[in-house]
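For reference, the structure is listed below as structure tokens.
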Amino acid sequence: MAATEILLAGFGGQGILFAGKILAYCGLMDDKELSWLPSYGPEMRGGTCNCSVCISDEPIGSPLVLTPDILIAMNQPSFDKFVKAVRPGGKVFFDSTLIDAATDRTDIQLFGIPSQQLADDNALKGGSNIILLGKLLKETQICSLDTMKKAIEKVVPPKKAALIPNNYKAIEIGMNS
Amino acid sequence: MERNLMKGNEALAEAAIRAGCKCFFGYPITPQTELAAYMAKRMHKAGGVFLQAESEVAAINMVLGAASTGVRAMTSSSSPGISLKSEGVSYIAGSDLPAVIINVERGGPGLGGIQPSQADYWQATKALGHGDFQLLVYAPASVQEMVDCVVKAFDRADKYRMPAMILADGLLGQMMEPVSFPEINPDAYDKSGWATTGHKNQREHHIVNSLYLQPDQLEKSIVDRFKKYEIIKETETDAELYLTEDCDILLCAFGATARVVKSAVNSAREQGIKAGLFRPKTLWPFPVKEINEAAKTAKCLLSVEMSMGQMVDDIKLAINCSKPVHFYGRTGGVIPTPVEVLEEIKKLGGAK
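Here the protein sequences come in this chain order: A and B. Residue numbering for the first sequence follows my numbering, starting at 218 and increasing by one per position. Residue numbering for the second sequence follows my numbering, starting at 42 and increasing by one per position.
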């Protein structure tokens with residue numbers, strides 16, 4: 218299998234790096250090769266934030282994702298900037314509450330769900346990122362639901378373990394939307 | 042072996058603790074900060090000392106002090122901070138002390154930027170401070186290799202009584218990859234002949250010093266050190282050779298850039314271009330034998346770096362200018378892409 222290259226982008230504070238970490242741990246759980254690379258420039262201090270995740274059966278070359286197979290976009294500037302870079306045949310997951318998905322690309326698949334709204338409606342504050350992951354899981358089968366649940370258990374810090382069921386719920390909502 | 046997911050910076054710190062590092066002195070700087078933060082959290086539990094000094098200059102001199110007593114000591118920083126430490130590194134070398142210094146490079150000169158760079162190659166391999174001296178310089182290309190390098194750096198520093206540097210960059214420091222920690226049983230080196238541990242009126246006192254006012258004495262100390270360097274050049278070089286047996290064009294890259302280049306080499310091979318990669322894992326000593334082996338069938342060489350081409354001269358010297366050496370690089374914190382590197386390979390005619 219060639220590497221699956223994933224780019225996650227949004228505002229700082231939306232849980233971009235956290236969602237990326239869950240995907241990275243999915244790779245770890247499935248004994249794959251993987252890399253996770255955050256943007257650590259001035260953008261992480263309030264502006265846009267992005268994160269590259271590569272998952273593969275082969276050792277990862279450059280960990281920097283420039284032409285993603287999968288894009289998760291959580292704000293308009295990120296969508297506008299990165300939708301152009303998605304590899305033909307690639308899949309884009311975005312929050313339709315915040316993003317007007319205007320693009321002339323016809324060679325990629327767009328999956329917009331109102332993840333922010335869904336998070337608010339279900340009392341899952343800050344769960345928009347995980348809802349998008351649920352959608353991604355359903356549409357890409359990047360790993361099993363079981364693997365993703367295990368990854369969540371790894372990434373949620375022990376002190377916040379009480380939030381794990383909320384994350385499961387968010388995945389489920391994403392998968393069903 | 043259990044695979045953990047760790048940032049390069051954290052893995053460097055964990056490896057140092059496991060390698061028996063007892064003293065870490067640091068000062069925060071991006072993109073190295075997680076290393077010191079990890080040390081702050083873990084070092085005291087491992088029975089060691091973590092201290093955030095008032096400056097980089099203070100930190101490196103604390104390393105000098107700790108190393109004088111024979112304990113394994115380390116500091117880490119990023120490019121501008123390493124420049125500040127250069128005086129102390131020279132004193133450590135002049136005092137024949139073992140120590141490990143980590144540079145998670147960022148763009149320069151001056152305060153530069155905070156994105157990844159390899160523009161401290163000259164500094165690390167030629168002149169990390171004043172005077173006639175070298176340090177061992179290791180260039181890991183993955184988080185796992187960072188672990189292995191730390192273990193080796195502490196060992197060789199002790200073995201040869203000299204400072205060792207790990208030259209990483211912001212990309213390696215910030216990225217997470219699976220990593221496992223082998224069982225580490227550091228070799229014990231007898232330091233009783235020189236370590237300043239208190240003579241208790243039982244022996245002559247030991248002096249750790251880099252000052253020799255008599256030129257002939259200073260000259261002798263340097264010449265002796267250079268005899269040691271000759272042995273190191275013979276025995277300590279290390280490099281990865283990838284698809285070099287039949288290559289027409291040999292790419293040369295180290296650290297994070299080598300990963301980008303490997304992707305480009307693979308793409309070139311898919312297009313029928315016989316490209317190979319020479320990746321030095323030690324930058325000093327430079328792997329002269331290894332590059333000559335790798336370049337045997339090559340018609341030309343292409344060095345790819347995150348700098349303006351600081352490794353090119355070493356490559357030319359190593360192969361005695363027997364073949365043309367080209368250069369492609371990005372600098373200032375820009376990371377070259379596999380596509381750009383592939384274009385360069387094609388520009389060189391695929392050297393068909």
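We put the CB at the ideal spot given by N, CA and C, even for glycine. All values reported here derive from a predicted model rather than from experimental measurement.
DSSP bridge partner residues for residue i (one or two, in chain order)
i: A316 of chain B; result: B:I290
i: L254 of chain A; result: A:S269
i: W325 of chain B; result: B:V178
i: N435 of chain B; result: Outside the shown range of chain B (42 to 393) lies residue 435 of chain B, about which nothing can therefore be said.
i: C341 of chain B; result: B:I290
i: E346 of chain B; result: B:G370
i: E222 of chain A; result: A:C271
i: A290 of chain A; result: A:A226 and A:F311
i: A114 of chain B; result: B:C64
Backbone CA spacing between residue i and residue j [nearest angstrom]
i: T265 of chain A; j: F299 of chain A; result: 12 Å
i: P417 of chain B; j: S221 of chain B; result: As shown, chain B starts at 42 and ends at 393. That puts residue 417 of chain B outside it, with no answer to give.
i: G278 of chain A; j: E51 of chain B; result: 21 Å
i: G230 of chain A; j: L315 of chain A; result: 15 Å
i: M218 of chain A; j: E275 of chain A; result: For M218 of chain A, the predicted structure reports a pLDDT of 48, less than 50, and the residue's modelled location is therefore unreliable. The matter cannot be settled from this model.
i: N102 of chain B; j: A241 of chain A; result: 40 Å
i: W325 of chain B; j: A180 of chain B; result: 9 Å
i: Y201 of chain B; j: K63 of chain B; result: 19 Å
i: I348 of chain A; j: N339 of chain A; result: 11 Å
i: D210 of chain B; j: S158 of chain B; result: 6 Å
i: E43 of chain B; j: G172 of chain B; result: 45 Å
i: S124 of chain B; j: Q358 of chain A; result: 49 Å
i: L380 of chain A; j: I225 of chain B; result: 37 Å
i: G122 of chain B; j: V98 of chain B; result: 9 Å
i: S233 of chain B; j: K193 of chain B; result: 22 Å
i: G370 of chain B; j: R320 of chain B; result: 15 Å
i: K301 of chain A; j: T320 of chain A; result: 8 Å
i: G419 of chain A; j: A290 of chain A; result: Because chain A here runs from 218 to 394, residue 419 of chain A falls outside it and cannot be looked at.
i: P374 of chain A; j: G49 of chain B; result: 20 Å
i: S332 of chain A; j: R304 of chain A; result: 24 Å
i: K167 of chain B; j: L358 of chain B; result: 14 Å
i: L350 of chain A; j: T110 of chain B; result: 53 Å
i: K261 of chain B; j: A220 of chain A; result: 56 Å
i: I290 of chain B; j: G244 of chain A; result: 34 Å
i: G67 of chain B; j: L362 of chain A; result: 43 Å
i: S394 of chain A; j: K352 of chain A; result: 7 Å
i: K393 of chain B; j: L169 of chain B; result: Bear in mind that a pLDDT of 47 at K393 of chain B, under 50, signals an unreliable position, so the number given afterwards is only what the model happens to contain. Each residue's Cα considered, the two are about 41 Å apart.
i: G296 of chain B; j: D337 of chain A; result: 45 Å
Where the alpha helix (DSSP H) containing residue i begins and where it ends
i: C243 of chain A; result: I233 to M246
i: G106 of chain B; result: E97 to S109
i: S262 of chain B; result: P256 to T276
i: R124 of chain B; result: Checking the sequence shown, residue 124 of chain B turns out to be Ser, not Arg. S124 of chain B -> alpha helix (DSSP H) spans S120 to G135.
i: V206 of chain B; result: The question names Val, but residue 206 of chain B is Met in the sequence shown. That residue, M206 of chain B, is in no alpha helix (DSSP H); its beta strand (DSSP E) goes P204 to D210.
i: I348 of chain A; result: S345 to T357
i: L358 of chain B; result: V353 to A359
i: G391 of chain A; result: I381 to M392
i: Q185 of chain B; result: V184 to Y201
i: S158 of chain B; result: Premise fails: S158 of chain B is in no alpha helix (DSSP H) and is neither H nor E.
i: M80 of chain B; result: T74 to R83
i: L362 of chain A; result: L362 to V372
i: P280 of chain A; result: That residue, P280 of chain A, is in no alpha helix (DSSP H); it is neither H nor E in DSSP.
i: K303 of chain B; result: G296 to E311
i: K387 of chain B; result: P379 to K388
Residue span of the beta strand (DSSP E) that contains residue i, given as start and end
i: W163 of chain B; result: Counting along the chain, W163 of chain B falls outside any beta strand (DSSP E), though it belongs to the alpha helix (DSSP H) covering Y162 to K167.
i: K308 of chain A; result: K308 to D312
i: I143 of chain B; result: A140 to E146
i: A280 of chain B; result: A280 to Y283
i: C64 of chain B; result: C64 to G67
i: V90 of chain B; result: V90 to Q93
i: F328 of chain A; result: Q326 to I330
Supposed close pair residue i, residue j - CB separation, criterion 8 Å
i: Y283 of chain B; j: K303 of chain B; result: 6 Å
i: K308 of chain A; j: I287 of chain A; result: 5 Å
i: K322 of chain B; j: E281 of chain B; result: 6 Å
i: G374 of chain B; j: Q156 of chain B; result: 3 Å
i: M216 of chain B; j: L254 of chain A; result: 4 Å
i: L383 of chain B; j: V366 of chain B; result: L383 of chain B to V366 of chain B, Cβ: 19 Å. No contact.
i: E356 of chain A; j: F328 of chain A; result: 6 Å
i: P219 of chain B; j: L46 of chain B; result: 6 Å
i: A368 of chain A; j: I239 of chain A; result: 5 Å
Minimum Cβ-Cβ distance from residue i to chain D less than 8 Å
i: L53 of chain B; result: Of the chains in the structure shown, none is chain D; the protein chains are A and B.
Report the residues of the region 210-240 of chain B with a CB closer than 8 Å to any CB of chain A, ordered along the chain.
For the region 210-240 of chain B, which is checked against every Cβ of chain A, the residues closer than 8 Å are G211, L212, Q215, M216, M217, E218 and P219.
Give the residues from the region 58-86 of chain B that approach chain A closer than 9 Å (Cβ to any Cβ), ordered along the chain.
T71 and P72
Contact set between the region 242-257 of chain A and chain B, restricted to residues whose Cβ is under 7 Å from the partner
Y242, L245, L251, S252, W253, L254, P255 and Y257
Residues in the region 272-303 of chain A having any Cβ partner in chain B nearer than 7 Å:
Correct list: G278, S279, P280, L281 and L283.
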